[in-house]
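Quick note on the numbering used here: the sequence shown kicks off at 157 and runs consecutively. Glycine included, C-beta positions come from ideal geometry on N, C-alpha and C. These numbers come from a predicted model, not from an experiment. The block underneath contains the structure these notes are about, expressed in C-alpha cells.
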Amino acid sequence: MDAKHRAKLEEALQLINEVCEELSVDSPLFEALSGPICELDEIVNPLEA
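Following this line, the structure appears as C-alpha cells:
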C-alpha cells in the first residue's frame, strides 16, 4: 500500500470513528460499521510486534 492510499484510508477511518463515537452502541449502523472498520484498521495500522 503506498503512502497516498494509506493517508486517505487513515483519514476515512478517523471520520468513520468520529461518527461511530456519536452513535449508540445499539444502533444498526454502529453494528454494521464496527466489524469491517476494525478489520480495515488492522490492515492500515498493523500492530508492530
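Exercise for the section: For the alpha helix (DSSP H) holding residue 202, just list the boundary residues, first then last. Expected result: Counting along the chain, residue 202 falls outside any alpha helix (DSSP H), and DSSP gives it neither H nor E.
Problem - Top-ranked residue by Cα proximity to residue 127, from 180, 175, 166, 159 - result: Outside the modelled stretch of the chain, which goes from 157 to 205, sits residue 127, for which no answer is possible.
Handout entry: Nearest residue (CA-CA) to residue 189, options 200, 163, 202, 174
Key = Ranking 200, 163, 202, 174 by Cα distance to residue 189 puts 174 first.
Handout entry: 8 Å contact criterion, which residue 185 and residue 179 should meet: CB distance rounded
Key = Between residue 179 and residue 185 the Cβ distance is about 6 Å, and since that is below 8 Å, they are a contact.
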